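Here the working numbering is used: the first residue of the sequence shown is 17, the next is one more, and so on. Here the structure comes first, spelled out in structure tokens, and everything after it is commentary.
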Amino acid sequence: MPKFLRSRNWGGLLFLLGALVLAFTFRPWSTNAQTSSDWQSIAAERGLSEADMRAAMMTYTPSGMLDEYVMFASGGHGGQVLVIGLPSMRLLRTIAVFTPEPWQGYGYGVGEETLAGGFIDGQEITWGDTHHPALSETNGEYDGNWLFVGDKANARVAVIDLRDFETKQIVHNPLFLNDHGGTFVTQNSDYVIEGGAYGLPIASEYAPLADYQSSYRGMITFWRFDQAAGRIDYSQSFALELPPYWQDLCDSGKLVSDGWIFCNSFNTEMATGGIQAGNPPFEAGVSRNTTDYLHVINLNGAVSVFESGGAEMVNGFNLIRLETAIANNLLYFIPEPRSPHGVDIAPGGDYIVVSGKLDPHVTIYSFQRIMDAIAAGTSEFDPFGVPVLPLETTMEAQVELGLGPLHTQFDNQGYAYTSLFLDSAIARWSLGGEGYRPQDGWTLQGRIPVQYNVGHIAAAEGDTTSPDGRFLLALNKWSVDRFLSTGPLLPQNFQLIDISQPGDQLQVLYDMPITAAEPHYAQIIAASTLHAWDVYPEVGWDSQTQAVAADAVQPGTEGVTRDGNNVTVRMTVIRSHYNPEWVEIQEGDHVVWTITSLERARDATHGFGVPYYNINLSIEPGESITFEFDATRPGVFSWYCTEFCSALHLEMMGYLTIAPSR
Ligand code: RUQ
Ligand code: CUA
């Protein structure tokens, strides 16, 4: 018996109990180095400050712990979407969208039809420039069902199903060949909005640049999204013809402003460049005016006009002409300071924040004031006859933030955040309106430097009617000195910022290099709102229709059959073999090959890679995939499983023999 017990040393006993409680609470034996002197000396050795350790504790996510948020970031001209966990900043997966991608088998056996939906007049296009991802919304909140993303390069929009994180549809409006202000959704995802970009002749017909004002136009497209089908309904979608200003970003109204769309524009000068002919270059020519036009579009009105037959069918697509739009009060302009870029609607739908990259202020318009100005009428019109509402009466406030303000996000404390491209900083400012921070008014609250040249920013649930606050992401276009050199081509830099503290207390928590082209924009959704499938619901699943495939292979029915030159291969796959393992055919055969995975175990994905024929599949548990090819080259082709799946993965192969035709 210990001495202190024998002498009834209760103080000693309490000390022992206390020590045991502490020991079990912190379990010092369960990891390698956790005494306070250890972490302090590690911090000292690595030169970490207390702020650094705070940042580490806010982001470090031990093995097995899951993230609270999921961020969907566009992948720029890599044509993909990146899925990143927050706060850990771990890359969870990429989603192939406009670009073939072999890991997902996208474009190498599956996804061809989806990709082909984005070909223009039969022209194969195998890249895209993803700019603005938009999560589907119900009542102005992300619902976790769908993700949309636009392709700036070719004016296309893609639909991604968040049950399996795969691209299901790509659409292209045949009236226009470029876009920028997309995608944005209305508060119940009835419409996916794709704003225009550079002026072009409608349907990209030929017209000389000298005829710019008469023959070139701007455009915005309203894609009707059919929730039940999970697809854009092409026939119920329509475009609105606009003057040939360069429409830039758009945002959709919500709550009080539901049914209205707001887009920036620049180049109201209608400059056409021509540096080689002694004209001012575009960069100067499009920035001469002190103001451009905020476009205020009455979407509900446009839908009524469309539904009552007010659209023309042009090149196979519904178009509401500019005259029709003006005659039906669908379009208004309001002057906005020089060369605006971002337009963002406050969570209540009551304020519209515009940032002009050549003006150090953000300009805040009031939706109510805009409605009042429309009701009051105007005697001002642009050269195309579009009514121009006065800036003075529609503007609520201006806040001076710094150089190069671009994009704005919102939190749950009544603050807004605006990226400052030229200053390489984020400004936090207070919305002085009722329901935000009237006690602070419309004022700058603080700034935090970022590295470097920030474009978009994204806040947790930041585009909803109830942002979460907590985290803000800076999507920086340059990284310069932040990472080890990888030669002349550098990654972009994502920086996670803690915005949970009030006033000017902002802290950069984490830097993440992005090596998949410039991700323009991101949206951040609470992980608990996503409901991705663990495995496909049933064996034989067709991921395109999200139902059991009619041609799924039942176990026991595998085999190769022939009808003239048409060969049908029916195959199943389960760890660790294909059945059949030989496919013996003839040169000149046309082959239709179905592979059905019988797997039900999570993560038991098999690949199917065939040399020479450019085929590679990712067959996820339960999935059934059918692909076709022509056996043009005789020989012996060893196919194999490209996804490590079991201890006998290396043995998972088979032979395709193609006998020469005599
Ligand atoms: S853009 S950096 Cu959204 Cu394409 Cu502003
Ligand atoms: Cu199946 Cu590797």
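Here a beta-carbon is modelled for each residue, glycine too, at the ideal position from N, C-alpha and C. These numbers come from a predicted model, not from an experiment.
Given residue i as reference, the closest of the options once Cα atoms are compared
| i | options | result |
| --- | --- | --- |
| Cys657 | Gly651, Pro650 and His665 | His665 |
| Ile631 | Phe645, Glu639, Ser640 and Lys184 | Phe645 |
| Gln229 | Ala89, Phe241, Gly215 and Gln602 | Gly215 |
| Thr237 | Glu153, Ser231, Val187 and Tyr431 | Val187 |
| Arg649 | Gly372, Ala226 and Tyr629 | Tyr629 |
| Gln120 | Gly651, Arg591, Ser559 and Ser662 | Ser559 |
| Val319 | Glu600, Asn345 and Asp308 | Asn345 |
| Ala675 | Glu600, Ile641 and Glu639 | Glu600 |
| Thr284 | Phe278, Ser273 and Asn305 | Asn305 |
| Gly80 | Gly91, Gly101 and Val321 | Gly101 |
| Gln467 | Phe499, Phe426 and Gln455 | Phe499 |
| Phe9 | Thr584, Asp227 and Thr481 | This structure cannot settle anything about residue 9, because the visible part of the chain is limited to 17 through 678. |
| Ile541 | Arg70, Met87 and His472 | Met87 |
| Ser495 | Gly95, Ser395, Glu477 and Glu534 | Glu534 |
| Trp262 | Thr115, Ser205, Val330 and Arg354 | Arg354 |
| His606 | Gly623, Gly580 and Ala620 | Gly580 |
| Ala475 | Ser152, Glu66, Tyr85 and Ser281 | Tyr85 |
| Ser516 | Thr561, Gly294, Ala432 and Arg109 | Ala432 |
| Leu310 | Phe200, Ala341, Cys266 and Pro297 | Cys266 |
| Trp143 | Ile136, Gly95, Glu128 and Val608 | Gly95 |
| Leu407 | Leu436, Asn314 and Asp308 | Asp308 |
| Gly451 | Tyr367, Leu107, Trp655 and Gly160 | Tyr367 |
Outcome for residue i when other beta-carbon atoms lying within 10 angstroms are tallied against a minimum of 16
| i | result |
| --- | --- |
| Val165 | buried |
| Asp699 | In this structure the chain extends from 17 to 678, so residue 699 is not present and cannot be described. |
| Glu328 | exposed |
| Ser677 | exposed |
| Ser371 | buried |
| Asp167 | buried |
| Leu672 | buried |
| Ile464 | buried |
| Asn170 | buried |
| Asn155 | exposed |
| Phe660 | exposed |
| Ser273 | buried |
| Glu615 | buried |
| Ala392 | exposed |
| Ala300 | exposed |
| Thr115 | buried |
| Arg586 | buried |
8 Å CB neighbourhood of residue i in its chain, flanking five on each side removed
| i | result |
| --- | --- |
| Gln679 | Past the boundaries of the shown model lies residue 679; the chain is included only from 17 to 678, so the question cannot be answered. |
| Ala548 | Leu178, Arg179, Asp180 and Phe181 |
| Met411 | Thr379, Ile380, Tyr381, Ser382 and Arg385 |
| Met105 | Thr75, Phe510, Leu512, Tyr526 and Met528 |
| Ile176 | Val97, Ile111, Val113, Trp162, Leu163, Phe164, Val165, Glu182, Thr183 and Lys184 |
| Ala72 | Leu64 |
Closer than 7 Å: residue i CB and nearest ligand 2 heavy atom
| i | result |
| --- | --- |
| Glu659 | yes |
| Ser592 | yes |
| Met668 | yes |
| His357 | no |
| His188 | no |
| His606 | no |
Sequence-distant residues of the same chain with beta carbon closer than 6 Å to residue i, five excluded per side
| i | result |
| --- | --- |
| Asn595 | Glu574 and Thr588 |
| Leu36 | Note that Leu36 scores 46 on pLDDT, short of 50, meaning its location in the model is unreliable; the coordinates nonetheless yield the value given after this. Around Leu36: no qualifying Cβ. |
| Thr288 | Leu225 and Tyr228 |
| Val524 | Gln511 and Ile513 |
| Arg233 | Ile218, Glu257 and Pro260 |
Closer than 7 Å: residue i CB and nearest ligand 1 heavy atom
| i | result |
| --- | --- |
| Ala93 | Here residue 93 is His; the residue named in the question, Ala, does not match the sequence. Result no, Cβ not under 7 Å from ligand 1. |
| Leu633 | no |
| Leu422 | yes |
| Gly471 | yes |
| His622 | no |
| Leu265 | yes |
| His377 | no |
| Tyr537 | yes |
| His311 | no |
Residues near residue i by beta carbon distance below 7 Å, same chain, minus five either side
| i | result |
| --- | --- |
| Phe397 | Pro403 and Val404 |
| Leu438 | Leu419 and Gly420 |
| His593 | Met668 |
| Thr531 | Pro507 |
| Ala39 | For Ala39, the pLDDT reaches just 46, beneath the cut-off of 50, and the residue's location in the model is therefore unreliable, leaving the point undetermined. |
| Asp249 | Arg240 and Asp242 |
| Gly651 | Ile674 |
| Phe135 | Ile141 |
Near ligand 3: residue i beta-carbon under 7 Å from a heavy atom
| i | result |
| --- | --- |
| His147 | In the structure shown, ligand 3 is absent; the only ligands present are ligand 1 and ligand 2. |
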